Amino acid sequence: MFLKRRAMPSLSELAKPDKILAGIRINSSSNMRSRMSFYTGISIHLLMDDGSLGPEKAVHGYPDGAKINFVTWSPNGQNVAFTVRYEDEVGSDSSLALWVANAESGEARLLFKQTDIRLNAIFELFVWVDHSTLLVCTVPSSRGDSPKKPLVPFGPRIRSSEQNNVIQMRATKEMLKDLHEEELFDYYATSQFPKKVELWTVHGRFVRELCDLPLAENIPIAANSVRRGKRLIRWRPDMPSTLYWVEAQDGGDANVEVSPRDIVYMEPAEPLNGEKPHVLLKLDLRYRRISWCYGLHALVYEFWHKTRRTRTWVISPDCNDLSPRLLFDRSSEDAYSSPGSPMMCRTPAGTLVIAKIKTNYEGTCILMKGQGATPKGSVPFLDLLNITTGAKERIWESGVDNYYESVLALMSYHPKCEIQLNELKFLISKESRREAAQYYVSIWPDKKQVQITSYPHPYPQLASLQREIIRYERDDGVKLTATLYLPPGYNPSKDGPLACLIWSYPGDFKSSEAAGQVRRSPNKFARINNSFPLLWLARGFSVLADPTIPIIGEGDQEANDRYIEQLIASVEAAVNEIVRRGVAHPDKIAVDGHSYGAFMTANLLAHAPHLFCCGIARSGAYNRTLTPFGFQKEVRTLWEATDTYIKMSPFMIASKIKKPILLIHGEEDSKVTTAMQSSQFYDALKGHGVPCRLVILPFEGHRYAARESVMHVIWETDRWLQKYCASNSSSTQIIKPSGEW
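Given below as structure tokens:
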């Protein structure tokens with residue numbers, strides 16, 4: 000299936016009125032989330048036995064101009080369900096309709112032609128029950144009109160906490176503010192049991208109540224803290240009518256020392272009288288997930304953030320005589336030792352389970368795919384893993400010379416997901432430094448690759464750009480990497496140093512060894528994403544993308560207590576390296592970042608002004624006292640780490656910033672990085688005579704979506720770089736890349 004979509008919506012689409020309730024943006028006229036991206040067309044190809052694609056079948060029958068969402072295959076692959084909606088001008092109503100298309104003919108038909116049946120997609124919309132049956136969420140016929148906001152408020156807004164309970168919540172926006180918003184949320188998010196989990200048959204018979212979940216507003220802010228009671232209630236994907244879930248034994252508080260910390264339970268949908276849930280596994284770390292393998296085995300993952308420890312267990316859920324076995328016990332930060340993740344196969348019911356690979360070996364074999372991080376760069380791989388013995392064999396890996404290949408999906412099918420090793424069929428992506436990713440079907444045993452896409456280069460003017468992974472060290476010996484991009488045709492020995500743009504985002508680590516590992520490939524295609532720093536290659540800049548900026552807190556050390564020190568050391572090492580290489584003029588280096596990268600940018604201009612001529616900060620938070628219950632990976636409160644919060648806040652030292660800074664923010668940023676953060680920071684900078692500019696983008700959120708907004712951000716950024724970086728006093732001439740722009 001190929002889905003078509005537009006690159007960016009228009010600003011008029013973002014301007015459509017919506018309701019913002021409890022952190023959810025709701026399109027009140029279509030009863031779905033607002034600002035959803037959408038597809039404009041669907042086409043289907045039959046995959047032939049030789050891996051090639053059959054003729055294209057365009058899905059048709061729905062009205063032109065429809066916006067398509069929720070595209071879902073039926074379990075047997077014979078039908079496709081999807082929704083279409085119609086929205087025209089700002090303020091106009093829209094409708095949401097459910098359609099089903101036949102995969103062979105492409106013909107689509109409308110379900111629910113009755114006008115009194117309206118879909119409700121606020122939380123969930125539909126699921127395939129079997130090959131030809133859908134379970135659909137609709138608006139109750141008795142819902143009536145939406146509550147009207149009273150002209151006179153019911154009374155004052157009151158927030159109360161009189162039970163002496165400790166309730167700590169990270170700064171958030173868009174919570175329910177008054178009784179009217181509570182009524183609106185109840186109205187649009189209508190459900191018969193908003194706080195209960197119940198079991199019903201597909202014929203509408205009530206079976207039993209599983210749990211009654213209270214409001215989870217007292218979850219501690221410490222990492223790995225969770226809600227109390229049953230959580231993550233799921234159906235087993237490999238067995239009918241069987242549930243599993245997790246319950247915390249520490250009250251959900253990660254600060255409580257207890258063993259076990261989590262217990263995983265399993266139970267039939269209709270247990271016998273007196274039958275208690277079966278304990279699958281007791282965990283000392285926090286439960287993450289289970290991957291099931293048709294009853295024979297399952298993999299259970301647990302993790303602990305503070306130590307970065309992660310463990311994987313092999314269990315036999317339907318055999319009480321077999322004890323759990325530890326398969327992997329490692330640091331989640333250690334990319335070099337990552338075993339990968341199991342390849343999944345779709346069952347006749349449409350669920351996903353681990354594919355069992357049939358070989359001549361004794362025991363159960365599965366396939367593990369991974370990114371294959373190595374000191375020379377990432378080399379994706381496939382391992383044949385015997386989870387009975389722990390033995391593994393590498394049966395495929397990407398080439399290392401020119402191309403970057405990765406396995407995306409297993410396309411072999413068996414009703415019990417038992418696949419012969421010599422009958423494997425995979426979907427693979429393949430790309431190089433100058434070739435965009437194309438998709439191939441790889442067929443075993445000869446590993447023949449059949450190309451099924453032929454996408455053109457998205458920006459041929461930059462087809463011959465230069466890309467290199469560079470390695471260097473900071474003063475304390477921590478190994479660092481970055482991706483250096485140079486304009487087409489540029490030669491540093493002949494053309495001299497260029498103006499340079501650095502784009503990055505700090506990350507925290509528990510060990511220096513893990514921080515220094517290489518997690519990128521020199522053979523990946525240089526794609527211009529929403530952060531678009533590579534655009535300035537066309538303006539004659541060199542670009543240093545994602546230089547690693549590890550903030551390390553080994554053992555019991557808190558990483559952020561040395562944030563400023565390590566930030567400067569990492570970036571100074573990067574700047575020294577590109578200046579040493581002769582690709583960046585020391586007086587013409589700008590720094591740019593988004594969100595936590597914007598926070599980084601402001602701190603660098605405050606604490607390391609000798610490194611940069613100017614900065615650009617998008618959607619950042621600059622005053623950490625406004626996020627007092629933690630931010631990013633910081634789990635201490637403002638009152639527990641007052642000095643750290645204040646020292647890390649560039650707002651507090653706005654008087655030290657002298658270099659020009661451009662602030663950009665979405666007016667409707669719903670994250671803790673509210674537009675107020677940029678507005679207040681701008682006022683502080685302006686009050687100290689700092690060259691600065693504030694751009695507030697109407698209707699935009701944390702990331703910018705509308706074409707008009709994105710293009711304006713590009714214009715603002717280019718203007719800033721040309722004025723304060725490229726034109727910075729120097730005798731060095733900016734080299735224009737070869738080719739037409």
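Mapping to numbering that gives the first Met the number 0: the sequence shown position 480 is 479, numbers consecutive.
Ideal Cβ placement from N, Cα and C applies to all residues, glycine included.
The structure displayed is predicted, hence computed values, not measured ones.
What residue from Gly-686, Pro-341 and Ile-356 has the CA that sits closest to Gly-369's CA?
Nearest of Gly-686, Pro-341 and Ile-356 to Gly-369, Cα basis: Pro-341.
For Asp-48 and Leu-533, I'd like the C-alpha separation in whole angstroms.
Rounded to the nearest angstrom, the two C-alpha atoms are 41 Å apart.
Assess, as a yes-or-no matter, whether the stretch 10-24 is touched by the stretch 94-104 under the definition of 3 or more beta carbon pairs within less than 8 Å.
The stretch 94-104 is not in contact with the stretch 10-24.
Which of helix, strand or coil does DSSP assign to Cys-499?
It is a strand residue.
With DSSP collapsed to three states, give me the class of Phe-698.
Phe-698 falls in the coil class under three-state DSSP.
Residue environment, His-609, which counts as buried when at least 16 other CB atoms sit within 10 Å
Exposed is the call here.
From the DSSP secondary-structure annotation, give me the bridge partner or partners of Arg-692.
In the DSSP output, where bridge partners are listed per residue, Arg-692 has Leu-661.
Does the stretch 584-591 touch the stretch 631-646, meaning 3 or more C-beta pairs lie closer than 8 Å?
The stretch 631-646, when compared against the stretch 584-591, does not touch it at the 8 Å Cβ threshold.
Rounded distance between the beta-carbons of Gln-437 and Lys-429, thought under 8 Å
Between Lys-429 and Gln-437, the beta carbon gap of about 6 Å places them in contact (Cβ cut-off 8 Å).
Looking at the unbroken alpha helix (DSSP H) that takes in Ala-462, where does it start and where does it end?
DSSP places Ala-462 outside any alpha helix (DSSP H), giving it a letter other than H or E.
For Tyr-504, three-class secondary structure by DSSP
Tyr-504: coil per DSSP, three-state reduction.
I need the straight-line Cα distance from Ala-601 to Met-265, nearest angstrom please.
One C-alpha to the other measures close to 50 Å.
Assigned exposure category for Tyr-681 - 16 Cβ within 10 Å defines buried:
By the 10 Å Cβ count, Tyr-681 comes out buried.
Does Phe-81 come out as helix, strand or coil in the three-state DSSP assignment?
Here Phe-81 sits in strand by DSSP.
Cutting at 7 Å between CB atoms, please list the residues of its own chain near Leu-109, excluding the five before and the five after it.
For Leu-109, where only same-chain residues beyond five positions count, the Cβ hits under 7 Å are Ala-96 and Trp-98.
Excluding the five sequence neighbours on either side, which residues of its own chain have a C-beta within less than 7 Å of the C-beta of Asp-668, listed in chain order?
Result list for Asp-668: Ser-618, Ala-674, Gly-700 and His-701, in chain order.
Leu-420 lies in the beta strand (DSSP E); which residues open and close that run?
Neither: Leu-420 is in no beta strand (DSSP E) and is coded neither H nor E.
Please determine, among Ser-726, Leu-279 and Pro-659, the residue with the shortest C-alpha to C-alpha distance to Gly-688.
When only C-alpha atoms are compared, the closest one is Pro-659.
Do Leu-497 and Phe-817 come within 8 Å of each other at the CB atom, strictly closer than that value?
This structure cannot speak to residue 817, because the chain is shown only from 0 to 740.
Relative to the C-alpha of Arg-230, which candidate in Ile-220, Ser-240, Leu-212 and Asn-217 has its C-alpha closest?
Here the closest residue by C-alpha is Leu-212.
Given this structure, state the Cα-to-Cα distance separating Lys-722 from Ser-678, to the nearest angstrom.
Lys-722 and Ser-678: Cα-Cα distance of roughly 23 Å.
CB of Phe-125 within 8 Å of CB of Cys-136, strictly
At a Cβ-Cβ threshold of 8 Å, Phe-125 and Cys-136 count as neighbours.
In the structure shown, what three-state DSSP assignment does Met-647 receive?
Per DSSP, reduced to three states, the secondary structure at Met-647 is helical.
Evaluate Ser-201 with the Cβ neighbour count: other Cβ atoms within 10 Å of its Cβ, from every protein chain shown; 16 or more gives buried, anything less gives exposed.
Here the sequence assigns Val to residue 201, which means Ser is not the residue at that position. A residue is called buried once 16 or more other Cβ atoms fall within 10 Å of its Cβ, and Val-201, having fewer, is exposed.
Rounded Cβ spacing between Ala-334 and Arg-518 (contact assumed at less than 8 Å)
At roughly 5 Å, the Cβ-Cβ gap stays under 8 Å, so Ala-334 and Arg-518 are in contact.
Closest by CA to Leu-426, which one among Glu-557, Ala-435, Asp-144 and Ser-441?
Just measuring C-alpha positions, the residue of Glu-557, Ala-435, Asp-144 and Ser-441 sitting nearest Leu-426 is Ser-441.
On the three-pair Cβ rule with 8 Å, is the stretch 313-323 touching the stretch 523-530?
Under the three-pair Cβ rule at 8 Å, the stretch 313-323 does not count as touching the stretch 523-530.
If you run the structure through DSSP and keep just helix, strand and coil, what is Glu-106?
Three-state result, Glu-106: strand.
Below 7 Å CB to CB, which residues in the same chain sit around Ile-356 once its five sequence neighbours on both sides are set aside?
Answer for Ile-356: Cys-364, Ile-365, Leu-366, Leu-383, Ile-418 and Leu-420, listed in chain order.
As assigned by DSSP and simplified to three states, the class of Ser-397
Correct three-state label for Ser-397: coil.
Contact the stretch 444-460 vs the stretch 546-557: 3+ CB pairs below 8 Å
Per the Cβ contact rule, the stretch 444-460 is not in contact with the stretch 546-557 (fewer than 3 Cβ pairs under 8 Å).
With a 10 Å radius around its C-beta and 16 neighbouring C-beta atoms as the bar for buried, classify Phe-630 as buried or exposed.
Classification for Phe-630: buried.
With Tyr-621 and Pro-649 assumed to form a contact (beta carbons below 8 Å), what rounded beta-carbon distance in angstroms separates them?
Going by Cβ atoms, the distance from Tyr-621 to Pro-649 rounds to 5 Å, so yes, they are a contact pair.
Leu-46 versus Gly-40, Thr-39 and Pro-54, residue with shortest Cα-Cα distance:
Cα-wise, what sits closest to Leu-46 is Pro-54.
Relative to the alpha-carbon of Lys-66, which residue among Pro-276, Lys-493, Thr-82 and Lys-305 has its alpha-carbon at the smallest distance?
Ranked by how close their Cα comes to the Cα of Lys-66, the residues Pro-276, Lys-493, Thr-82 and Lys-305 have Thr-82 in first place.
I want to know whether the stretch 480-493 touches the stretch 398-412 - three or more CB-CB distances under 8 Å.
No, the stretch 480-493 is not in contact with the stretch 398-412.
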